[in-house]
Amino acid sequence: MLSRIDGEYCESHLSSALPLLLFRSSSIQERAPTQTTKSDSRVGAGGGGMPRTAAAAPPARKVPLRKLLRAASVACGVQFGWALQLSLLTPYVQELGIPHAFASLVWLCGPLSGLLVQPLVGHLSDRIAPAASPLGRRRPFIAAGAASIAAAVLTVGFSADLGRLFGDDITPGTTRLGAICVYLLGFWLLDVGNNATQGPCRAFLADLTENDPRRTRIANAYFSLFMALGNILGYATGAYSGWYRIFPFTVTPSCSISCANLKSAFLLDIIILVITTYITVSSAQEPQTFGGDEAEHPGTEQEAFLWELFGSFRYFTLPVWMVLIVTALTWIGWFPFILFDTDWMGREIYRGSPDNPEQSQSYHDGVRMGSFGLMMNSVLLGFTSVVLEKLCRKWGAGLVWGVSNIIMALCFVAMLVITYVAKNMDYPPSGVPPTGIVIASLVVFTILGAPLAITYSIPYAMAASRVENLGLGQGLAMGILNLAIVIPQIIVSLGSGPWDELFGGGNAPAFAVAAGASFIGGLVAILGLPRARIASSRRRGGGTHR
1 MLSRIDGEYC ESHLSSALPL LLFRSSSIQE RAPTQTTKSD SRVGAGGGGM PRTAAAAPPA
61 RKVPLRKLLR AASVACGVQF GWALQLSLLT PYVQELGIPH AFASLVWLCG PLSGLLVQPL
121 VGHLSDRIAP AASPLGRRRP FIAAGAASIA AAVLTVGFSA DLGRLFGDDI TPGTTRLGAI
181 CVYLLGFWLL DVGNNATQGP CRAFLADLTE NDPRRTRIAN AYFSLFMALG NILGYATGAY
241 SGWYRIFPFT VTPSCSISCA NLKSAFLLDI IILVITTYIT VSSAQEPQTF GGDEAEHPGT
301 EQEAFLWELF GSFRYFTLPV WMVLIVTALT WIGWFPFILF DTDWMGREIY RGSPDNPEQS
361 QSYHDGVRMG SFGLMMNSVL LGFTSVVLEK LCRKWGAGLV WGVSNIIMAL CFVAMLVITY
421 VAKNMDYPPS GVPPTGIVIA SLVVFTILGA PLAITYSIPY AMAASRVENL GLGQGLAMGI
481 LNLAIVIPQI IVSLGSGPWD ELFGGGNAPA FAVAAGASFI GGLVAILGLP RARIASSRRR
541 GGGTHR
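Per the UniProt record's numbering, the sequence shown runs over residues 1 to 546.
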């Protein structure tokens, strides 16, 4: 059997997947033997991995693209909060008293929660038959994850006020232990909610596209487009300094103007999240391609899940490993930038400091300028998402991904050069950085939007196609890819702060590592991932399966 994957036809590795399928069939109640047909032999898109048997069902009607667009809309609400988290929370946690060297450790809870939450949620959503819930398999988890995000941003936003109730000293420059504890609780819940929402949402899109590679890429491009919209709105919100005037009740003795702006922005996030979650869960019903047998035997789920998550690695083919390796290298490159982008602008470019009252204003000016740069980044991200399908048609997904990583590496090198120039340049007495330095920084932030769009789309589409051949559900496929994302994040979270301090502080050492990892990932993608054009594949054969 031939399967079209990312623009090329290749033989399915059914022999390598057979032991996994045999194990799964033995761990569930024995089924009566039935005859499979060619149309039924494909593994269900997210179903529990068993081949579909019995009489062939009538061909399912494809979900219209407009419904795929609606199904992806929750990414806007999730990414709005994520943009606020990326642009404002690293500076904010330093205001609460955590030193810069340990700020990256705060982000450790994100990848740690993602290490288990997304695979577990993906597995559970794979195991729930559509008949078991009016909302289907994925949408209950999407709604629950969105509710967790709403509760988390309230906790983070009001952490300074709650910390004062626990006896914090609110004098500027002091460490607020109570607020830090509340913040960490909310931050942990926020990352759990993010992982519990985005994984099932991507699996939901994969279910709706029925593993059609082209429609899967289109759906993921829609997802990236809404992420770009959420980024634009979120970063624009973070760049605006007057929200406390619109929500005056957010200013309290324990919450300064910058804190009140953060609190107000998270209140807006809840409104947008509720709207987009409703649009997604009401968009479409998953296709009825998943048997209910697994749901009837919950006693076998834990064994199957552990085997699928850890035991399935030995059945991975070389193309699957290449996707995971490039994904890991890509995220070693991205995570230092994600952690310290606005902090870099506030410290290295504006020469400010969040824990020094005399330099705090310059620091926050830099943070807001960094948020503006990230907003421009998101504009280019959205444009790239629109043209990404055409790029993959012409050049192949592997080449596009590889070139984007090379661009990432060049941008991080440019940030190192800008850091060096700014450090050795004389600033005017006002302390405002020269216009040329600011413009150069904004240009780098903007250019990084193109590779970020590719990172948010191509790896998921390639993983959905390749892991499907192993007999895994789409939810678990997204969870496996998530491992290649969160493990590098754990490494960066543990090492970036001490690494930066080893070389005298600042963010430049972490960006140097990011540049190297991105460049290596680009070379691996160009040399090891498919480059065939979709157009040539279509001349060689017809539909998705032959």
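Every residue, glycine too, gets a C-beta built ideally from N, C-alpha and C. Computed from a predicted structure; not experimentally measured.
Alpha carbon to alpha carbon, how far is residue i from residue j?
| i | j | result |
| --- | --- | --- |
| residue 63 | residue 80 | 27 Å |
| residue 285 | residue 205 | 11 Å |
| residue 387 | residue 355 | 43 Å |
| residue 306 | residue 195 | Because the pLDDT at residue 306 is just 47, under 50, the model does not fix this residue reliably, and the value given afterwards should be weighed accordingly. Answer to the nearest angstrom: the Cα atoms are 19 Å apart. |
| residue 180 | residue 244 | 22 Å |
| residue 392 | residue 334 | 22 Å |
| residue 422 | residue 104 | 24 Å |
| residue 455 | residue 370 | 21 Å |
| residue 428 | residue 360 | 18 Å |
| residue 275 | residue 150 | 12 Å |
| residue 623 | residue 323 | Absent from the model: residue 623. The displayed extent of the chain is 1 to 546, so no value can be given. |
| residue 372 | residue 337 | 15 Å |
| residue 118 | residue 125 | 10 Å |
| residue 241 | residue 264 | 10 Å |
| residue 175 | residue 96 | 6 Å |
| residue 347 | residue 485 | 28 Å |
| residue 413 | residue 137 | 44 Å |
| residue 36 | residue 186 | Only weak support is given to the placement of residue 36: the predicted model assigns it a pLDDT of 38, under 50, and the value that follows is read from those uncertain coordinates. Going from the Cα of residue 36 to the Cα of residue 186 covers about 50 Å. |
| residue 256 | residue 65 | 46 Å |
| residue 514 | residue 332 | 6 Å |
| residue 98 | residue 207 | 43 Å |
| residue 294 | residue 121 | Caution is warranted here: a pLDDT of 42 is assigned to residue 294, below 50, making its placement in the model unreliable, and the coordinate value is therefore given only provisionally. Their backbone Cα atoms lie some 16 Å apart in a straight line. |
| residue 402 | residue 91 | 32 Å |
| residue 251 | residue 72 | 35 Å |
| residue 357 | residue 400 | 46 Å |
Sort out for me which residues DSSP pairs residue i with in a bridge.
| i | result |
| --- | --- |
| residue 255 | 252 |
Within 10 angstroms of the Cβ of residue i, are there 16 or more other Cβ atoms? Answer buried if so, exposed if not.
| i | result |
| --- | --- |
| residue 363 | buried |
| residue 442 | buried |
| residue 526 | buried |
| residue 519 | buried |
| residue 39 | Caution applies to residue 39, whose pLDDT of 37 falls short of 50 and renders its modelled position unreliable; the value that the coordinates give is listed next. With fewer than 16 Cβ atoms within 10 Å of its Cβ, residue 39 is classed as exposed. |
| residue 382 | buried |
| residue 509 | buried |
| residue 420 | exposed |
| residue 352 | buried |
| residue 425 | exposed |
| residue 189 | buried |
| residue 59 | In this prediction, residue 59 has a pLDDT of 49, which is less than 50 and means its spatial position is unreliable; nothing more can be read from the coordinates. |
| residue 466 | buried |
| residue 282 | exposed |
Judging by CA-CA distance, which residue of the options is the nearest neighbour of residue i?
| i | options | result |
| --- | --- | --- |
| residue 270 | 152, 191 and 200 | 152 |
| residue 328 | 418, 244, 111 and 343 | 111 |
| residue 249 | 238, 261 and 239 | 261 |
| residue 398 | 242, 74 and 529 | 529 |
| residue 224 | 198, 235 and 210 | 198 |
| residue 389 | 365, 324, 160 and 222 | 222 |
| residue 418 | 400, 445, 430 and 484 | 445 |
| residue 171 | 484, 450, 254 and 396 | 254 |
| residue 375 | 257, 447 and 521 | 447 |
| residue 220 | 96, 457 and 412 | 457 |
| residue 202 | 186, 226, 182 and 365 | 226 |
| residue 235 | 459, 121, 247 and 84 | 84 |
| residue 114 | 480, 514 and 88 | 480 |
| residue 330 | 511, 158 and 318 | 511 |
| residue 147 | 517, 191, 401 and 464 | 191 |
| residue 161 | 208, 183, 123 and 344 | 183 |
| residue 506 | 344, 325, 379 and 396 | 344 |
| residue 321 | 173, 459, 158 and 69 | 459 |
State whether the stretch 211–224 contacts the stretch 152–169, with contact taken as three or more CB pairs (one from each stretch) at a distance under 8 Å.
-> In short, these stretches do not touch, since the Cβ pair count stays below three.
Three or more C-beta pairs closer than 8 Å, one from the stretch 76–92 and one from the stretch 229–242: is that the case here?
-> With a cut-off of 8 Å, the stretch 229–242 and the stretch 76–92 count as touching, because enough Cβ pairs lie within range.
Is it true that the stretch 399–409 meets the stretch 429–441, where meeting means three or more beta-carbon pairs spaced less than 8 Å apart?
-> Too few Cβ pairs lie closer than 8 Å, so no.
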